[in-house]
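Before any comments, here is the structure.
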Amino acid sequence: MSQRKRSKGLGSSQLTGGEDDFIPTQVERRSQDQVNQKVSELVQFLLVKDQKKIPIKRADMLKNIIREYRDAYSEIVKRADRTLQAVFGLQLVEIDTKRHIYILINNLPRPEGQHLCRDKEKEKMGLLLVILSFIFMKGNSVKDSALWEFLHLLRVYPGKQHSVFGDVRKLVTEEFVRQKYLETTAIPLTDPPEFKYQWGPRAEKETSKKDVLNFVAKMQSKDPTFWASQYSEAEANKATT
Amino acid sequence: MSHTGNSGESSPASRRRRRSRPPHAQEDRAEEDTAEEETAEEAAGERLRQLDIGDGDDREHNRMIRSQYRELISTVQQNREAMLNSKSNRLTEALEEANRLFDGVCRAREAALDAQFLVIASNIGKEKANELHSEMSAFDSTAFAEDLLTFMGINRTEVEETDDSEDVPGAFLPSDAWRTMGEEASKYFRRAPTFHYMMGSFKSEPPAPKQRIERQKKAGRGKAEQAMPAQLKKMEESHQEATEKEVERILRILQTHFENDPNTPISFFDFVMDPNSFARTVENVFHVSFLIRDGLAKIKLDEDELPIIEPIKPSEGGEEDSRAGVRNQVVISLDQREWKEIIETFQIREAMITPLYENTEEEMETE
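These protein sequence lines are chains A and B, in that order.
In terms of this note's numbering, the first sequence is residues 1 to 241.
In terms of this note's numbering, the second sequence is residues 1001 to 1367.
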């Protein structure tokens, strides 16, 4: 008896609250077991989808996992997030509230000592951090020509195959952009067309301006306050997130 | 001419359309004007109002103007980077040049080129403004790059031999450079570790348990055979059974000796000791222990408190003795010194348990 009441409550809450673009066709009786099952499936789905670090679309979640449980969608997602946090120490974050796109980030404080991840991943993170610091220190937006000129100094060339990164141009302009670490926009009225690079939403969530400034300061053996305006911007940024 | 900057098209039709709008109506580009931009726009506006759209009979003149404009545009585009340099005045110079050219314009066609130039010039002006307005404190990216290379472990003393002319000569970047950087970088990201199955997918194998059961049955059967009196012939050779064979042989020796002289118990030491080999002595003790364990022989102490050994008749064996006689566990330790002492004390000259193999040179040495 109580089970039935619970699920009905679930249904009705979806009707009143919840998302606007959802029209639950029928408030079906959902047993807790069935919902639990869906939550587990969603958790697994998210973990596997996250392997390539490409943000996950809500549409994919609905099509592959939620399916006929659309009316319980928010409940399932909320609980999946709770499971991810409690069991894996990960967090489900929406990076695009309009198009409903999600990523998984790490909730745990960063451990000291060696990180257990594949070398390839580590190397890419190294390059990414360097790029992100450059962008931030240069005013949050750089032209692609400026970026490549900087990477030149680090023996990374867009036209040449790199011994570690392979096709660097592809890595930067496609992979990092698709993963939402970087965002690229065309500069208008340029011929040939030029692009500018900024931090992507994943970068905003996974790291912060303050962290990046600290990295730069560490590399250059200076105090972060050395760069006054970047420092105050980083402090302001920290306050809002 | 309003600086709209929304599309780069410079077709005369669109220019005419734009010209019809009041010159001071500007689309918000959210950029502050620099002095240059204001000058350019004001001048353009003025000129526009003064423009006299005539027939333009002088074709030669007009063609020259057009070519000059095109040259100016091309120059500006190609030297874009140079113009962006805040120290350079080249943009202002280009604008003044265009201003001068405009004096000779009297037709829409040339004016269109002038408009095209203006769009490009304003764009550059905007970029220059951007760079001026940068609120960021000066950041030396070259120094930063050097520091990064240092962190990655660059060796500036060695000269690397490469066929690549682009590489900076005189410095060697190790192969794990980016891994080092990545190790540091991972501290700054809250990146979710990627999820992978450790052992791959599970594949069950039903045949395995069956084999185990078969082996156990075999082992059981073997033991059962051994419990019977030793005359049973063994069909197979195996490691285990080598020991058993030896144990058997020893039992037979014991029984033979006892048969010959049933009333004299055999001293344990006499029986197991091999004065020629310590190793074999130990092995004999080991094998005798099997006999004791299986209830085929027994060791007891005689009046002098010395151990004696005698076989147990199979008919007698079993329940009587095991009830009456206490089954004790004894641990015997024997080292080479003790072994020598015993041989001396008991004057053991030869082994009762004849060795299986001839003495090798090596064995001789261990004695």
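Virtual Cβ for every residue (Gly too), placed ideally from N, Cα, C.
In this text, all values refer to a predicted model and were calculated from it rather than measured experimentally.
When Cβ-Cβ separations below 8 Å define contact, R1280(B) makes no contact with chain A. Closest by C-alpha distance to E1244(B), out of F1286(B), F1258(B), N1263(B), is F1286(B).
Distances from the alpha-carbon of T1354(B) to those of L1254(B), I1065(B), A1143(B) put L1254(B) closest. Residue pairing by DSSP places I1309(B) opposite I1266(B), I1299(B) in a beta bridge. Of the residues L151(A), V77(A), V216(A), L108(A), the one whose Cα lies closest to the Cα of S40(A) is V77(A). Minimum Cα-Cα distance from R110(A) among the listed residues V48(A), D211(A), E75(A), A59(A) corresponds to D211(A).
For chain B, none of the residues of the region 31-42 of chain A brings a beta carbon within less than 8 Å of one of its beta carbons.
Rounded to whole angstroms, the Cβ separation of N1155(B) and A1171(B) is 7 Å, and the two are in contact under 8 Å. Here Y1197(B) is exposed, its C-beta having fewer than 16 other C-beta atoms within 10 Å. In this model, K138(A) and F195(A) are separated by some 15 Å (Cα to Cα). A direct Cα-to-Cα measurement between D1140(B) and D167(A) gives close to 27 Å. Annotation for T185(A): the continuous beta strand (DSSP E) segment containing it runs 182-187.
Considering only beta carbons, the part of the region 158-179 of chain A lying closer than 7 Å to chain B consists of V164, in chain order. Per the C-alpha coordinates, the member of D1294(B), E1303(B), I1348(B) positioned closest to N1328(B) is D1294(B). For W227(A), the three-state secondary structure derived from DSSP is coil. I105(A) is positioned such that its CB atom lies closer than 8 Å to that of A1192(B).
From the beta-carbon of K1187(B), the residues of chain A found nearer than 7 Å are R110. Between A1121(B) and A1035(B), the C-beta spacing is not below 8 Å.
Leaving aside the five residues that flank I1312(B) on each side, the residues in its chain whose CB is nearer than 7 Å to its CB run, in chain order, G1295, L1296, A1297, K1298, D1321. Here Q220(A) is buried, its C-beta having at least 16 other C-beta atoms within 10 Å. Of all residues in the region 53-78 of chain A, only K53 place a beta-carbon less than 9 Å from a beta-carbon of chain B. When Cβ-Cβ separations below 8 Å define contact, T1075(B) makes no contact with chain A. Secondary structure within the region 68-153 of chain A: the beta strand (DSSP E) runs of 3 or more consecutive residues, fully enclosed, are 90-96, 101-106 (chain order). Residues of the region 117-144 of chain A with a C-beta less than 8 Å from any C-beta of chain B: C117, D119, E121, K122, E123, K124, M125, G126, L127, L128, L129, V130, S133, F134, M137, K138, G139, listed in chain order. Interface annotation for the region 79-105 of chain A against chain B: L90, L104, I105, criterion Cβ-Cβ distance under 7 Å. Interface criterion not met: the Cβ of T184(A) is under 8 Å from no Cβ in chain B.
Annotation: F134(A) to L127(A) spans about 11 Å, alpha carbon to alpha carbon. Straight-line spacing of the CA atoms in F1195(B) and T97(A) works out to 25 Å.
Short of 7 Å from the beta carbon of R178(A), and not among the five residues preceding or following it, lie these beta carbons of its own chain, in chain order: I54. Within the DSSP bridge table, the entry for D167(A) names Q161(A) as partners. Nearest CB-CB separation between Q198(A) and chain B: not below the 8 Å threshold. Neighbours of D211(A) in chain B, taken as residues whose beta carbon is under 8 Å from its own, are Y1188 in chain order. For the region 25-68 of chain A, not one full-length beta strand (DSSP E) segment reaches 3 residues or more. At a cut-off of 8 Å, the C-beta of F215(A) has a neighbouring C-beta in chain B. Annotation: the continuous alpha helix (DSSP H) that includes K210(A) extends over 209-220.
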